[in-house]
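Chains as they are written, first to last, in our numbering: chain A, 2 to 257; chain B, 50 to 410.
This is the structure:
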């Protein structure tokens, strides 16, 4: 399905919806003018082979073996050129009862499935985690973009922003959660909770990973209200603007 | 200093809308048709030389022949689609009959869509010509635009989404329709017979008016013995025994076996989200996980949202209302779950139970 046809009923208020979808339309236009096409789907089986091209381990939330079916809570955006896949983004919507507990038991990732032996997750002690209670969250850590596509100006930024904007419009999640590295988080287009409060390496799901300086992973969260304001900003619709909080919306520091 | 005074901008806008790249008509084509040099046409458009009424008339005639009429009327400030003065150079029979398209956009402006609605929306979004998207549908469904088409018989057709139209587009179009008193308008978006432009303008304005929350519901505290429903009374007692701030609402309802009759909402600021619906409720389950304001029945959604917010402000209220055919009560418990979020659990039961009563959400 074409991304501009992928949203039928919106959960945003009409004014925000218009702004977000206008940005989305412009991002899609940029990608298409660069010679790529986009497809939106609801099946992780479509994205798993594309993630496989990256030679990186498949994230649990993007693994169709763990999360089979469930099209109503899965959103995928794939990037194509001349019939060849060039990248993809996978987002899942998950209900949590109480996030720290769900993380600890691994239920957040594995649902009712039993996690493999040796997989563990150390939970950081952060105030913002305790706020996530009885709500939908959207997990959005999985992106892969082919090296050649990364060279096209603005296509990487557009793919990430389109996937986020569609999930914002389609679902009423309260929090967007993901795992990221400190350098990447600093350039995210929204106010990110967690990055400044959580020690690196505490958030591990891969059994071979060890918490050390080479694995500076963070659990991060974004409040919906914060994200909506930024996705509706004109900055968001310009893929040539670097991924980052629009200057007008950046939190004021004491110095400023 | 402007050489052409008040018409400089309107002439330039009208000409630009009808020439390349907005249409396939180039200044060279106009020069060939009118006898004026391309340079003269360009300098006139850019307000660098004086343009005569004769030039405007001939350019209008040439553009009409190419299928883009209306330059004179727009230049002199007449409403788009207004009657053109008769011109010996452009007799009506020389002008090919063609539909004329406009968009009323979310910016509150009325644009001529010389090449059709889809093409205008495609260019507005900067989509390539090869796009597989449907820009017209996108503009109507997601940007709140309203599409107007004037047929060759003079009638108007209005396309849009009543529930998505942008207030700015509605206001602009309603103002314009007020000036089209004699036009007959077909508006499939209202699912009705052709109406007069003025009547449709009124109908459009009613769309932009805010919906009012039904006043039939009032919060009221009742004593336990006034709760007519046994399950509801049991739930009320259990929650109040534990204390409204400490009671585990979902667990309590589950333990009592009444969870199937309850609905759970999460409140984050002013947003009320449907988190769970009991299996015993006759409700479309696709509303789970959605903001209640995303429901199509906006009036009911507003009421539901108001009840949840009232429960947040005054925990353990009874909200009394009158359903069609009989009255029912909504038992609502509000509870803070974190610094910013609340949850609200509701149970509805009938008081004067009509034969066909179905518990609401």
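By construction, the Cβ of each residue, glycine as well, lies at the ideal position given by its N, Cα and C atoms.
| Check | Outcome |
| --- | --- |
| Distance CB(residue 101 (chain B))-CB(residue 148 (chain B)) smaller than 8 Å | no |
| For residue 174 (chain B), the first and last residue of its enclosing alpha helix (DSSP H) | 166 to 174 |
| Rounded straight-line distance, which links the Cα of residue 185 (chain B) to that of residue 80 (chain A) | 24 Å |
| Interface residues of chain D facing residue 34 (chain A) [CB-CB closer than 7 Å] | Absent here is chain D; the protein component of the structure consists of chains A and B. |
| Alpha helix (DSSP H) segments (min. 4 residues) lying fully within the segment 105 to 162 of chain A | 108 to 111, 128 to 131, 148 to 152 |
| Contact set between residue 117 (chain A) and chain B, taken where Cβ atoms lie within less than 7 Å | Here the premise fails: no neighbours, minimum Cβ distance about 29 Å. |
| Residue 86 (chain A), DSSP secondary structure in three states | strand |
| For residue 115 (chain B) and residue 51 (chain B), the rounded distance between their alpha carbons | 29 Å |
| Completely contained beta strand (DSSP E) runs for the segment 218 to 263 of chain B, where each covers 3 or more residues | 233 to 235 |
| Beta-carbon neighbours of residue 383 (chain B), restricted to chain A and to distances below 8 Å | The contacting residues do not exist; residue 383 (chain B) stays about 13 Å from chain A at best. |
| Heavy atom of the ligand MG within 7 Å of residue 118 (chain A) beta-carbon | With respect to the ligand MG, the structure offers nothing, as it holds no ligand at all. |
| Contact under 8 Å by Cβ, residue 176 (chain A) with residue 108 (chain A) | no |
| Under the three-state DSSP convention, the category residue 285 (chain B) falls into | helix |
| Straight-line Cα distance separating residue 47 (chain A) from residue 66 (chain A) | 12 Å |
| For residue 121 (chain B), the first and last residue of its enclosing alpha helix (DSSP H) | 120 to 124 |
| Assigned exposure category for residue 240 (chain A) - 16 Cβ within 10 Å defines buried | buried |
| Classification of residue 58 (chain B) by the beta-carbon crowding that lies within 10 angstroms, buried from 16 upward | exposed |
| Meets three-Cβ-pair contact criterion under 8 Å: the segment 220 to 232 of chain B and the segment 34 to 43 of chain A | no |
| Residue 1 (chain A) versus A:78, A:73, A:9, residue with shortest Cα-Cα distance | The structure shown does not extend to residue 1 (chain A), since chain A spans only 2 to 257, so no value can be given for it. |
| Validate contact between the segment 54 to 62 of chain A and the segment 21 to 38 of chain A using beta carbons, cut 8 Å, 3 pairs | no |
| Local Cβ density within 10 Å of residue 220 (chain A), reported as buried at 16 or more and exposed below that | buried |
| Sequence-distant residues of the same chain with beta carbon closer than 6 Å to residue 411 (chain B), five excluded per side | Since the first residue shown for chain B is 50 and the last is 410, residue 411 (chain B) is missing from the structure and cannot be characterised. |
| Neighbourhood of residue 134 (chain B) by C-beta, 8 Å cutoff - its chain only, sequence neighbours within 5 removed | Annotation note: pLDDT 45 at residue 134 (chain B) (below 50); position unreliable, no value reported. |
| Short Cβ contact (8 Å threshold) for residue 256 (chain B) with residue 214 (chain B) | yes |
| Cross-chain neighbours of residue 6 (chain A) in chain B, by beta carbon under 8 Å | 182, 183, 186, 187 |
| Classification of residue 1 (chain A) by the beta-carbon crowding that lies within 10 angstroms, buried from 16 upward | An answer regarding residue 1 (chain A) cannot be provided, because it is not within the stretch 2 to 257 covered by chain A. |
| Proximity of residue 90 (chain A) and residue 52 (chain A) at Cβ, strictly below 8 Å | no |
| Boundaries (first-last residue) of the beta strand (DSSP E) holding residue 159 (chain B) | 159 to 161 |
| Proximity test, Cβ basis, 8 Å: residue 339 (chain B) and chain A | yes |
| Straight-line Cα distance separating residue 172 (chain A) from residue 314 (chain B) | 15 Å |
| Distance CB(residue 169 (chain A))-CB(residue 21 (chain A)) smaller than 8 Å | yes |
| Sub-8 Å separation of residue 238 (chain B) and residue 209 (chain B) beta-carbons | yes |
| Proximal residues, the segment 190 to 207 of chain B versus chain A, C-beta separation under 9 Å | 190, 191, 192, 193 |
| Proximal residues to residue 153 (chain A) (C-beta, below 6 Å), its chain only, five neighbours per side dropped | 35 |
| Interface flag, residue 174 (chain B) vs chain A, CB-CB below 8 Å | yes |
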